[in-house]
Each structure stands twice: as structure tokens, then as C-alpha cells.
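Visitor: Chains as they are written, first to last, in the working numbering: chain A, 127 to 395; chain B, 127 to 395; chain C, 127 to 395; chain D, 127 to 395.
Glycine included, each C-beta is placed from N, C-alpha and C at the ideal position.
All figures in this text were calculated on a predicted structure; none of them were measured in a lab.
Put into C-alpha cells, the structure is as follows:
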């Protein structure tokens, strides 16, 4: 029994294992996750969801079955890990880790309507919750982990940026509201409404559903649009630096400087 | 008395003090500033401002009371600082520092209508002036100071960029005016009017309220749009470099080069 | 004969030969390729294609003649290369190299209708296939090869980005579909339809044919637009780094670091 | 006389002279150039040009007078420079330098109608030619020279980019034309017409006057828009690198590496 448990643990937890069977299982789970996301997306196309009611249902039931078994096996084998030792206490500690919660959320929308009387609107929302199964990818995806590390490392600088952009957004939208409100009272009706224009301009998306028409408003809008370039430039640079550093780290600290091609001596400390 | 004054000074001026009470006070002021900005923004939503007339008024009165007391205490205690020594002269010198002026502007809109007969339009403008209370954040915000330093350091390069973009804008808009004016005399009515198109194109916002329709105009517009990429690229690079350097400085000059991971020896000179 | 074959081989294969005649031939082929692309583009303008039926036909026949002769000569001379030795086997191995296939595809659309009975719609498609002649440029263009190298080198990082952007796109579009579907059931009709909005927003193109109108949808849209800046920032940085490195390599490894101006010693592996 | 000539030469040619009078003269010329550009722009606003006919005329005559005197004095004094020695030959050699040609073009539009019988349309075009006076700034502007150097240094890389973007534009527009033409024959009427959409998408301007409506067209459009991010990213990086290097050079090669803060030893060679 203990041997089976160890083997199951290996299948479920050792993401980078090179065992042929473990790898095949990993590919199967990842494929199933992607097919699930794809199915949820396609189900929202009415013509498809009406025509293929049964296949969609069957596939969903099959996926939930696999994910439920996976979840239960994880709960059973988690005690193999030093961190989650303890028949009950260890399992509870495991159940509240982010990855275990994601696994639970991935299957819950299927079981909930069986136990609770839910109105139709909520059930429809639950179906979209199935999209959260994409989060199960986090365990397998090296890239999402890299991105997470970058965001964590550059947290401080990104917060500076977010704060600066928010202040800029508030000031820009307030000024524009004051200038354009009398000319277009329906469009620039309040500062929160004008902030939609502000975001579209600062990010240079520019849908064209709102734009100033008065000369003063256009002058102001031009300045804000030009400042918006900075709003793009700063996080761009920060993330770029962050990625460069993170990739450097992964390549082994003895790599090559991405810029000068010099060998990098690992700094003590 | 002198001891009270010192303690008050500490509360108001020592931004990075780690005293528990000082920190609590700082959090209180910052929260109040943010709530004020939020209130001004929400007040412009007519449905909210009509429904909650009293709460908005009470909150504004309370804020002005706090900020007034804060301002007066600052005026009283500023003489503790070496720079502002002198009962009257020191206080006047303090009152004209940027931060003190911002504090004054933050409360003035409330008192002005009491002393001066103002027309309604001006009073409405004064209400938006309350947004300037966000500038009080400057004293507490590390990030705005970092941004300020970056802009100061890269001043020369940014001026080059601004100048280049302005020349490009003038030349692009003039050419486009000449090409499109006869086809769309109402839209591309003059060079200043065409500059609104120029800004929307060079910043890649592209609202879609103005665009060339003649083949020659579109050919010209395509070239200008492609040049606009450069207009984004250059300030982006400059600000990125600036931020990287500034953050490096803050981390202590003995940090790691963000690119080659080499230990940085502080250069003499 | 063998001498002629060698000379022809030189003309066709030695891209960087400095022989005056070889160079003239290279310029001739490149010019012909560009004129072909130009002709295909212009032929889609109805007024032009109706007026100049004969010149377009003559030019196409002439180009196909040149490209056919070029292809046959390449097939004949390829055995000069060590890699394709062998009268038949070597030539077959040569015929399936990417460049040889491109050369074949460039002329095939002309000959196909002669041998196969094709409907008109397919013939029209074949005419656009002539655009693929631009791929013949790959052999001569240094720059396309540089770009190819960059993409190959940064493959791993770019995949991370593409994956992240796709996940972001799926999540953003699903949320927006759920929020806006009831307000604009025709516009945000399904998740795949909403993804068109998602791409336009994340890339900051913002056509303005779809945009949220509900307050919640606009709030969500604003956050997605701001995240879109990151979607641009990350590949931008990766490609920039890649290009810098590639160009550095080409300049001879003993160049100057583009950033610190230090001489770069070639690292032993 | 020779002394006067030398003094005049100093006024006109020594851009970085610190003599008080020379500097005042420089400021005067630069101001006059900017006012000229401003006047040409404002003249296109009909309401202004009709109301202030005389002031605009007087200012133009005054400017042309100053620029003419400046041009003639330059011609007279240029022989002071070693390069333009020779009473007639030297002056001719000077007259065909770019800066001298720009000075001539700046005044010619004023004199041409006096000598040649021109139709009204051409005269109107000539008035816009006065905008070229902005090019006179080139002599005084440090920043435009920096930009020029960057573009010259990175010429090779920028050409790669331009070529890549053009190929991408041609391929993207051709595919989109083929996909969308049957659904929107008026909008996507030919490949050149579709290229307007291509530029708006690849540069992420997105006016919204043209966009695909078929599912296949939107899928293709989404991929092209995502590739467009690369089209922005690459020149951005190249220009950034170029600027960083150029600014480094100007600061004296013994400056600090913009990234690692290390002192830069000038490399021999």
C-alpha cells in the first residue's frame, strides 16, 4: 500500500520527473485542462451549444470525474510530503494551499447544484467558473512561474508605476470632465465616466466612443495622450529589466551578460 | 510647551519615523486624503450627489477641519526646523515652500466663498480644486519622489524627445492639412485642427474621429503612423534607463548591475 | 561543361560573392522579385487591372520564365555542393530544402491551370499565391536571417509571453462576456466573439467596433487595458534584448558593449 | 573691414560661442524661427487669417527681411572658413551645403511670385513652404543633431526593421484582402486599400474606419495585431539602445555605464 501511495505521489507531484509514465500522465492532464477551457469557450457560441448538448455534457462529466479522482488522490498522498505530515492535520494544511484550493474550485461547480437549490442565473455563472480550471495549469507551467517571480521581484517598482498612473488618471479625467462637461454633458457626464476616456487614452487604446470636441479639451487631450506614452514606457522598462534578470538567473548565474557578453562572476552576497 | 511643540513637529514632519503613534497618524492623514479625492470624484455623479448631499457636506467640513488644524500646527511648529528659525520671518519662509502652499490650497476653496462674493460658476470650479488635495500625498509618497528624481535626471534627454515630437507633429499636421484639406474641408479645417489628428496618430491612440480618406492622405498617414512608433520608442527607452538607474541608486550603490549581475564598485568621483 | 556548371553555381548560390557579374545578377533577381510583388498588389486595384491586362500578363509570363530557368539551373548545378552529391538522390534531397520548395511554389501557380481543370475561384486564389515569390527574398536578405536568428534564440522567452498573453486573453474575454452579454447580447454574443474585443484592447489597437457600455464592464475593461500595456511591454523587451545580442554577435565578438562601452572579451564557452 | 567680417562670421557661425552679444543674437533668430512656424500654423485658421491680414503680412515681410540679410551675410563671410576659401568658388561650394540650401528655401517662397507668373494654387502651396523655416533650427539645435547621429549609427538595424515591417505589411494586407474582400467589397476593395488597415493595425493606431467582420478575418486580424506588437517592440529597442549610446558618448567617454554604474575605461580602438 505504502509503495502504491509513493508511486501515486510521484505521478501527481513530481512535475519535472522524467519517468516515461509520469510524463505521459502530465501531458494527459495538461491536454484535458486545455480541452476544458476550449469547451467552455465554445459552449458560449449558441449555435454550437444547442447542436452538441450531449457531447459537451459527457465531456464535462468525464473531466470532472478525472479531476475529482486526481483531487482525492492528492489528498490521500499529500502526507508523503514532510510538510503535510499528519493524517488529518496535514491533509487540512494541504487542502488550504493555493494549488489545492484551485483543484477544489475546478470541480466544485459540478457538484454544487446537486446539494444546494440554486437559481438558473447562478448556475450559468457557475459554468463560467469552470474556466478557472485553467489555473490548474499553474502547477505545470514553468512560464507562469517565471512571470510570477518577475512580478514578485519588481513589486516595488510596479507599485510606483501603478500609483503614478492612477494619480495621472484621476487628475487627467477630472480636468477633462471640467473642460468638456458643458460641451458634451451626456458623454462626459461625471468624473468616473470620464475615467473611461482617460484609460482609453493613457493606454493608447482609443476606442473612439468618447473624445473631446472643444479646442481646449483637445489641447488637454493631446497633452494627456502624450503623457500616456510615458505611462506605457515605464512599466515596459521595469518588466523588461525584470524578465532579463529572471531569465539570467535561470540560465545559471555563471551565464553571459545579455548585453556585454561578458562572463558573469557570481557576486559573493 | 516646548516639549509639546517638539512632539507635534515629529508627528507632522518626520515622514519616516517608526514611532507607533506617528505612524498611525500618518496612515490616518493618507487615508483622509484618498477619501477626499474619492468623494470629489463621486460627487460629480449626479445621482449620488443629489442623494447624499448631507454626508458629502459633513465629510468635506470634517476634512477641511482636520487639514486646517494640520496646517496651523505646521505653521506653529515649523520654527523647530533650523531652516525656518524666527518667529515671523521663519514662518513666512515656511509658508511659501511648495508643500506648505499645497496645504493652503487644499483648504482655501472651503473658506473663500465665506469672505468673497463669488458667482456660482467659480464656486463649482473651486469644488474641483479640492482634488488638489491629492498633492498633499507628495510629502508621504516615496514613489512620486522617485519619479520626480527620474524626470530631473533625464531632463535633458526628455527635452530632446519632446522637441523632436513637437517638430514631427507640426510637420506631419501641416503636410496632412495641405493634402486632405480640399477633400474634407470641414474635418481638416486648419493646421491646429489637424494637429488633433496628428497627436492621435503619433501616440497611436487613434480615436477614429478624424482620418485621411484620399489615397495620398492615407499614404502620408501611414508613414506618419510608422514614425509615431519611434515617437513612443524613444521616451520609453529614456525613462526606462532613468528608472533603472534611480532604483539602483536607492538599493545602495553596492548593488548588482541589473544587466550583467556584476557587483558594482562605487566609482570614485 | 563542368566549368560552365561551376560558374552557374556561383551565380545562383554564392550570395555574398563580390564578383561584378554575380552581383549584377543578384540585383536583377531581387528587383524582379520586388516588381512581382508590386504587380500582384496593383493587379487587385480593379481600375488598373482592367486597363493594363496585357502588360500585367506579359510581365508575369516573363517573370515565370526567368524563375523557371533559375529553378532548373539550380536543380542542375546543386550537385556541385558536397551536401547534394548524387545525380538523382542529391537533386531530390535539394528539391525538398525550404528554399528550393519556395522556388517551386513561386512558379507553380502559373503552370497548374495548364494541367489541371480548376474552377475560377481557385485560379483567383492561385494568383495571390504569386505573392509567395516574396519568400524568395529570404535567400538574399541578410535582415530576414537576423530576425530569424533572434526569434530562434529567444524562442523560450517568446513562448512564455505568447502563452501568458493567450491565458490573459481567454480570462479577460470570458469575464467581459459574462459582464456585458446581457447589456449587448448582439455585440458580446459569445466568448470567441468577445475575444476580438480582447485582442483589440490588449494590443491597444482599439478599433471601436466593440466596447463595454455598463459601468462594471468599463471598470473591467479599464483593468484589462492597463494589463494590456504589460502584454506589449514584455515581448518588446525580449525582442529588444534578442536583437541587441544578435547584432553584437555579427559585429564580431570583440566589439563594444552597447551599454557600458567596455571592450568585450570573448568568453571561453 | 576684415575685422567686421570676422565679427559677423562669429555671430552667424559659432553656435556654441559664449559671447553675450552672440548669444543674444542666437536667441533672437531662434525665437523668430519659432514665431514664423507659429504664424504659418495660425494663418490656416480662417477666422484668424481674415481678421489679422495686415499683421501676418507685416510679420512675414519682416522675417523674410531678417532671413535675407542673414543669408547674404553668411554668403559674404563664409570665406572666413578654411573650407570655403575662394571669392566665388568658395561661396558656390558654401551655397550648396545643406544648411545654406535650407536658408535659401526659407526665403525663396517670398521672392518667387515677384519674378515668376504663378497660379493661385501654387502660391498657396508656397505659403506652406514657409514651414520649412523650421529646418533652420537644425543649425542651432543640439537635440536634432543627437537624433541624426542615432539614426545614422543604427541605420543598418533600422533598415532591417523597416524591411521586416514592410514585408509583414504586404503579407498581412494581401491575406486580409483575400479573406475580407467578398464580405466587404467596398471597404477591402484592393490590396493597396487594405494596406491602410494594415498600417493602422500593425502600428496599433486602430482608427476604426476599416475592420474585418467575418470570423476568419477577425482571427487573421487578431494574429496580425499581436504581431504588430513586435513591429513596435523592435524599432523601440533599437532606438533606445542607440540613444543610450549616443548620450553616453556626449557625456565624455569616461562617464558611467548607464546600467551598472561602473566607470568606463576608454577602449583602445
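1) Tell me, please, whether the CB atom of residue 340(B) is closer than 8 Å to any CB atom in chain C?
2) Does residue 301(C) pass the burial test, meaning 16 or more other C-beta atoms within 10 Å, or should it be called exposed?
3) For the structure I just gave you, are there three or more beta carbon pairs, one from the segment 245 to 260 of chain B and one from the segment 156 to 165 of chain B, closer than 8 Å?
4) Can you give me the Cβ contacts of residue 183(B) inside the same chain, cut-off strictly under 7 Å, excluding the 5 residues immediately before and after it?
5) Could you pull the start and end residues of the alpha helix (DSSP H) that residue 217(A) belongs to?
6) Do the CB positions of residue 326(C) and residue 329(A) come within less than 8 Å of each other?
7) Give the DSSP-derived three-state secondary structure of residue 339(A) in the structure shown.
8) Within the present structure, is the beta-carbon of residue 313(C) separated from the nearest heavy atom of the ligand SAH by less than 7 Å?
9) Using a Cβ-Cβ distance under 8 Å, would residue 348(D) count as near chain C?
10) For residue 334(D), return the contacting residues in chain A, with the cut-off set at a CB-CB distance below 7 Å.
11) Would you say residue 378(D) reaches chain C, if we count a Cβ-Cβ gap shorter than 8 Å as a contact?
12) In chain B, what lies closer than 8 Å to residue 412(C) by C-beta?
13) Taking Cβ-Cβ distances below 8 Å as the criterion, which residues of the segment 137 to 165 of chain D are in contact with chain B?
14) Given that a residue counts as buried once 16 or more other Cβ atoms are within 10 Å of its Cβ, and exposed if not, what is residue 385(A)?
15) Buried or exposed for residue 167(D), please, with buried defined as at least 16 other CB atoms from any protein chain shown within 10 angstroms of its CB.
16) Counting only the same chain and skipping the five closest in sequence on each side, list residues whose C-beta sits under 8 Å from that of residue 131(C).
17) Write down every uninterrupted run of the alpha helix (DSSP H) in the segment 293 to 351 of chain D whose length is 4 residues or greater and which is fully enclosed by it, in chain order.
18) Give the straight-line distance between the Cα atoms of residue 248(A) and residue 242(A), rounded to the nearest whole angstrom.
19) Exposed or buried, residue 336(C), counting other C-beta atoms within 10 Å across all chains shown (16 or more means buried)?
20) Comparing C-alpha positions only, which one of 361(B), 213(B), 229(B) sits nearest to residue 277(B)?
21) With three or more beta-carbon pairs closer than 8 Å as the criterion, would you say the segment 192 to 202 of chain B touches the segment 222 to 234 of chain B?
22) What does the alpha-carbon distance come out to for the pair residue 391(D) and residue 144(C)?
23) Just how far apart, CA to CA, sit residue 339(B) and residue 348(B)?
24) Starting from the Cα of residue 344(B), find the closest Cα among 296(B), 305(B), 294(B), 220(B) and give me that residue.
25) Give the interface partners of residue 171(B) over in chain A, defined as CB-CB distance under 7 Å, in chain order.
26) Per DSSP, what kind of secondary structure is residue 127(D) in: helix, strand or coil?
27) For a contact meaning CB atoms closer than 7 Å, what does residue 254(A) contact in chain C?
28) Can you tell me whether DSSP reads residue 280(C) as helix, strand or coil?
29) Could you tell me the boundaries of the alpha helix (DSSP H) in which residue 171(D) lies?
30) If you compare alpha carbons, which of 172(C), 140(C), 332(C) is closest to residue 314(D)?
31) Quick one: list the residues of chain B neighbouring residue 322(D), beta-carbon separation under 7 Å, in chain order.
32) Taking residue 206(C) as part of the alpha helix (DSSP H), name the residues at either end of that continuous run.
33) Tell me which residue opens and which closes the alpha helix (DSSP H) that residue 238(C) is part of.
34) Would the beta-carbon of residue 153(A) fall within 8 Å of that of residue 136(A)?
Guide: According to the structure shown:
1) no
2) buried
3) Judged by Cβ distances under 8 Å, the segment 245 to 260 of chain B makes contact with the segment 156 to 165 of chain B, as three or more pairs qualify.
4) Here the set comprises nothing.
5) 215 to 221
6) no
7) coil
8) Judged by which ligands are present, the structure shown has none, so any question about the ligand SAH falls away.
9) yes
10) Result: 334.
11) Confidence in residue 378(D) is poor, its pLDDT being 48 and thus under 50, which makes the residue's placement unreliable; the coordinate value appears in the next sentence. It does not: the Cβ of residue 378(D) has no partner Cβ on chain C nearer than 8 Å.
12) With chain C covering 127 to 395 only, the question about residue 412(C) has no answer from this structure.
13) 163
14) Per-residue confidence for residue 385(A) stands at a pLDDT of 43, beneath the threshold of 50, marking its modelled position as unreliable; no derived number is given.
15) buried
16) 202, 203, 206
17) You should have 317 to 328.
18) Cα to Cα, residue 248(A) sits roughly 11 Å from residue 242(A).
19) Residue 336(C) is buried by the Cβ-count criterion.
20) 361(B)
21) yes
22) Confidence in residue 391(D) is poor, its pLDDT being 43 and thus under 50, which makes the residue's placement unreliable; the coordinate value appears in the next sentence. Taking the straight line joining both Cα atoms gives about 38 Å.
23) 12 Å
24) 305(B)
25) Simply 316, 318.
26) coil
27) 300, 304
28) coil
29) Note, residue 171(D): premise wrong, no alpha helix (DSSP H); not H, not E.
30) 172(C)
31) 344, 348
32) From DSSP, residue 206(C) is part of no alpha helix (DSSP H); its letter is neither H nor E.
33) 224 to 241
34) no
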